[in-house]
Structure formats: structure tokens, C-alpha cells
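Peer 1: Mapping of the sequence shown onto the working numbering: residues 126 to 528, in sequence order.
Positions of the beta carbon are idealized from the N, C-alpha and C atoms, including for glycine.
Just so it is clear, the structure is predicted and the values come from calculations on it, not from any experiment.
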Amino acid sequence: MGNRILIGVTGSIAAYKALEIVRMLSKASYETDVILTTSGERFIPRLNFESFTSGDVVSDFWTENHRQPIHIKLSRSAKVLAVVPGTADFIAKAAAGIADDLLTAVFLAFQGPKLIAPAMNPNMYDNPITQRNIRTLKEYGVIFIEPVQGYLADYTRGSGHLADTVEIFDYIERYIRPPLLEKKKVVITAGGTREPLDPVRFLGNPSTGLTGIELAKELWKLGSDVTVLGANLLVPVPSYLKVISSDSHSKMELNAKKQFKGCDIYISTAAISDFSPVSPSKHKIKKSGMPSRLNLTKNSDILKELSKIKGKRILIGFAAETVNLEKETIRKLKEKRLDIIIGNLIGSKSGFGFVSATGIILGRDIRVEFSGLDKKQLSRKIVEVLLQVLYGNSFSLDNFCKI
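Below is the structure:
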């Protein structure tokens, strides 16, 4: 079975996006088979899919060069079945247990995780019959990747638009990977806080939140329940992540203490302001009235405060340094009683706002140097170190799933 994935394609104008999903899966080295319904093949010919995958592309029970029964063979060959897009007709048949074509027969016989990404006119999606069918399938464990607001085939805008292809890909990865962090509650801070001087100016930093969001995605794919405390995020956030706005130090502190109580793993990637103006102005300060010196107060170290009530939680922190990176990273590791710390070198080609990162990951009996990693690669490296803390230093994520 390995990492084989089945993609079902039904008759929707959104069927062309299934091509992108198959391309993404092939690029990530997943083995992919495609099942087209008769209507699906009218939208996207079989040859198009054959150009993106070395796997089987089939559309009926009587496909040549396949031993029968083909629907049982296909249902046993993959770890995940994803129907992209899922029409109202397919959802109705699946809910009723109808198996009158190859895709519905495979869907009925398949024993692994089953995903459906609906795409249809909102009048059809919101119809009580369709909603009843969706509820029925959810009760049987089918996972729905909810449609979003977007432009539809009739040039109107509505809620039946197929979910983003990247999010669909993420869902497939979540269910093909082993749930190594299932039932783990993870809280991640991301972005950069801002402390207002007046309604139009603030003390802040250039953190975009990219590292935090990439890390949240990787942890979610391993089955964890992730909450992001987001501070002025400047990167797209997938809809499957819960985000609590925490734009200032005071909001971040309040939300962090509240969420910390129920979490198993707390990760502080956010660049949280060390200082705040003592008396922010309620009105814009004119240039002529701008003081030559700012009266600032020192903010509390949220992570350090949380470490005092650490308990059995795993704490992960970050250190951004321009000099003495390892020395300062070790100091913060000990001072804040962290399990893992990532020291980021801030320079002309790495750090805030840069795609690549250079630095060091430290923990008990753990020392990993990294250089020139993009934020996604860095996030995967951090996840592997976290899993080593949980499961032992010999743990390798490569042995369990593709990363």
C-alpha cells in the first residue's frame, strides 16, 4: 500500500483543479491513481491526468489490462481516497450507498480515510437534502474539506467554490501521515506584536509569522490540535488552523496564559515586543509635538513566566541574535527551562523577512546546525527534533512518512 493515494474526479467545472492536486502529489513523490466518472472525463480527458502521474487512470469497470474485480483492487491499493471535486450527485449516491459506477463502488469498498472536497452552486450545496447527505457521511467518518466563497460557473460569487488546492493537499497529507501527535494540544505564537505610540504609529518588528504558520501546518499534519496566537500575521493562514488575534504584548500575554492551561506543547515563534510606550496618545502626534525621547516600560517575558508553571508540558522557544548566537541561545535555553530552542542568526541574508534561515537547534542531548533552509524545511527539522524529545533521539521522521 505504501503512500499510494486515490483521487476521484466527478463532473464539475472545478474538475480541472484535480489536475493540480495530482501534479502536487506527484511532485511530492506520492504514488497516485485517478478514477474519473463518466461526467468527470467529459470535463478533463484521461490523457491529461496520465501526463501527471505514473499510476493508473481509470473510468469504468471494464478498463483493459486490469484484473477483476477492479473496484476491490483499487480500494485495497491506497491509504487515502480523496474525491476532488465532489458533486451533489456523488455525495447523494455515497450517502445512499449506491455503487453504480467505478468511483462509487470504490468509495463503498474503501476502508481507509475518505475525503470529499465539494464544489457546486450554493443553492445546491445549501439544499437541505445535500446537507442531510453530508451529515450522514460525516457520521460514517467521511472527512469534508469545506467549500469557500468564490466565483462560480455562473459568474456569481458564493459559498460552493472548491477549497484551495494547497489546503486539499494538506488534508491528504494529514491523513496519509501517521498520527504521531494525535490528541496533542499545541499552542503556537506567530508574527510580531505592535505597541502603539498613537493611532498611526507603533513600536514593532518585521516578523511576518511565516515560520510559525509553516510549523503549525506541519504539526497539524501529524494529527495535533493546533491553536495559533497570531500577531499581525502577514502570510496566508489555512482555514483548518484556529487563530486567536494577539496583536499586542498585553493581548498575547492574556491569550497565552489562557491557552497554556490546556496545552501539551507550547511553541513561541512570535517576536514579542520587549518594551511598550508608557502613555500611548489617543490622537495622532504631530511632527512638531513628537518627543525626542520615548518613555518606555519593560514588558514581561511571557515564555519565562509560563516556564514557572511548565509542569509536564514541552516548551519550545526561539532566539534571534546578531552575534554570539550559540552562547545566547544556550543562556535562554537554561534561563527559560525550555526543552528545545531555535537560535536564528539575524544577518544580511537571514532572519526576519528572509525566505532562508541559518542557525542552531538545541535541547537536552540535541544539537542541530542548519544553514540556508527555507521556513518549511526549518519547520520540518524542528518537528523532527520535537519527535526525538517525545520518542527518543534515534527517532527519524523519514522512517514514518514523507516530509
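1. Check for me: the beta strand (DSSP E) holding proline 210 runs from which residue to which?
2. My assumption, with CB atoms under 8 angstroms, is that isoleucine 485 sits in contact with leucine 458. Please give the rounded CB distance.
3. Given a cut-off of 8 angstroms, decide if aspartate 181 and aspartate 158 are closer than it, judged by their beta-carbon atoms.
4. Which residues bound the beta strand (DSSP E) around alanine 146?
5. Determine the burial state of phenylalanine 400: buried for a count of at least 16 other Cβ atoms within 10 Å of its Cβ, exposed for fewer.
6. Quick one: give me the first and last residue of the beta strand (DSSP E) that proline 286 is part of.
7. Evaluate the contact criterion for the stretch 316-324 versus the stretch 273-286: three or more CB pairs, one atom per stretch, below 8 angstroms.
8. Take threonine 229 as the anchor and find which of Lys411, Leu305, Val267 and Gly133 has the nearest alpha-carbon.
9. Using beta-carbon positions only, say whether isoleucine 491 and isoleucine 441 come within less than 8 angstroms of one another.
10. Just to confirm the assignment, what range does the beta strand (DSSP E) spanning proline 402 have?
11. Return yes when the Cβ of alanine 445 is within less than 8 angstroms of the Cβ of asparagine 469, no when it is not.
12. Measuring CB atoms only, is the stretch 412-429 touching the stretch 331-348, in the sense that at least three cross pairs come out at less than 8 angstroms?
13. Give me the DSSP bridge partner(s) of aspartate 499.
14. Using the three-state DSSP reduction, which class does glutamine 236 fall into: helix, strand or coil?
15. In the DSSP assignment, the alpha helix (DSSP H) including glycine 560 goes from what residue to what residue?
16. How long is the line joining the alpha carbons of serine 284 and tyrosine 250, rounded to whole angstroms?
17. For a test of the three-state rule: what should DSSP assign to valine 514, helix, strand or coil?
18. For the alpha helix (DSSP H) containing glycine 165, name the first residue and the last one.
19. Would you call the stretch 356-365 and the stretch 329-345 in contact, with 3 or more CB pairs under 8 angstroms?
20. Measure the alpha-carbon distance for histidine 286 versus alanine 153 and round it to whole angstroms.
21. Can you grab the Cα-Cα spacing for the pair lysine 437 / valine 353, in whole Å?
22. Where does methionine 415 land, buried or exposed, given buried means 16+ other C-beta within 10 angstroms?
23. Would you check if the distance between the CB atom of proline 247 and the CB atom of serine 137 is smaller than 8 angstroms?
Peer 2: According to the structure data:
1. 205-211
2. Rounded, the Cβ-Cβ distance is 10 angstroms, inconsistent with contact.
3. Yes, these two residues count as a Cβ contact at 8 angstroms.
4. Here residue 146 turns out to be isoleucine, not alanine, going by the sequence shown. Element bounds for isoleucine 146: not the beta strand (DSSP E) but the alpha helix (DSSP H), 141-152.
5. exposed
6. Contrary to the premise, residue 286 reads as histidine rather than proline in this sequence. Counting along the chain, the beta strand (DSSP E) containing histidine 286 begins and ends at 282-286.
7. no
8. Gly133
9. no
10. 400-402
11. yes
12. no
13. Ser481
14. coil
15. The question about residue 560 has no answer here: the residues shown for the chain are numbered 126 through 528.
16. 8 angstroms
17. helix
18. 163-168
19. yes
20. 25 angstroms
21. 21 angstroms
22. exposed
23. no
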